[in-house]
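The block underneath contains the structure these notes are about, expressed in structure tokens.
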Amino acid sequence: VVVEKGYHSGGASYVLSREALRRFYQAHQDPALNCRKDGGSEDVEIAHCLRKKGVYPGESLDKKNRELFHPLPFANHFLGTFPDWLAKYAQNPPQSNYNCCSDQTISFHYVTPEIQYLMHFLLYKTKSKSNVDRILTQKLHNYIVSVN
Numbered sequence: 001v002v003v004e005k006g007y008h009s010g011g012a013s014y015v016l017s018r019e020a021l022r023r024f025y026q027a028h029q030d031p032a033l034n035c036r037k038d039g040g041s042e043d044v045e046i047a048h049c050l051r052k053k054g055v056y057p058g059e060s061l062d063k064k065n066r067e068l069f070h071p072l073p074f075a076n077h078f079l080g081t082f083p084d085w086l087a088k089y090a091q092n093p094p095q096s097n098y099n100c101c102s103d104q105t106i107s108f109h110y111v112t113p114e115i116q117y118l119m120h121f122l123l124y125k126t127k128s129k130s131n132v133d134r135i136l137t138q139k140l141h142n143y144i145v146s147v148n
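Mapping of the sequence shown onto the UniProt record's numbering: position 66 corresponds to residue 66, and the numbering continues sequentially without gaps.
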């Protein structure tokens, strides 16, 4: 067990409540809690520190039990090409195809700037020519975080 009661992979980002952030700050101010300020894997270290103040991860699924945060690029999740470590460490079994990702997805990890620009172009700059294109474009739009 890397962290008791699990932890969220940091690469796909975090969402913390104001209270969780306040406790995280307090934990870092207390030398007795030994929260690391550098070194280690940041996601694991953040989880260890939050545990010391009674903060545990919540569910990161939508109402249809689809993931909101994704530790891999969209293509891996959609096509179901998962590394062995994902099944070992994931709280929920990885899903693929149209069940892979929430239509309220927040983020994907390991997405290069080039792919971000490509996804932005496909989602926001192209015009669909058929009903199928519109449906697929809408589905992509719902899965991918745009580049600001």
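Note that CB positions come from ideal geometry on N, CA and C, so glycine has one too.
Check: Extent of the continuous alpha helix (DSSP H) run through proline 113; Outcome: 113–124
Check: Spatially closest choice to arginine 66 from Asn99, Ala75 and Gln91, by CA coordinates; Outcome: Asn99
Check: Boundaries (first-last residue) of the alpha helix (DSSP H) holding glutamate 45; Outcome: 42–51
Check: Collapsed DSSP secondary structure at leucine 61 in the structure displayed; Outcome: strand
Check: Assigned secondary structure, histidine 70 (DSSP; H/G/I helix, E/B strand, else coil); Outcome: strand
Check: Assumed close pair leucine 61, asparagine 34 - CB separation to whole angstroms, cut-off 8 Å; Outcome: Their Cβ separation, rounded to whole angstroms, is 32 Å, which puts leucine 61 and asparagine 34 out of contact at 8 Å.
Check: DSSP three-state assignment for phenylalanine 24, whether helix, strand or coil; Outcome: helix
Check: Which residues DSSP lists as bridging cysteine 100, in chain order; Outcome: None, per the DSSP bridge assignment.
Check: Beta-carbon spacing of proline 94, phenylalanine 78 below 9 Å; Outcome: no
Check: Terminal residues of the alpha helix (DSSP H) in which aspartate 38 lies; Outcome: Unbroken run through aspartate 38: none, as it is neither H nor E.
Check: Which of helix, strand or coil DSSP assigns to phenylalanine 78; Outcome: helix
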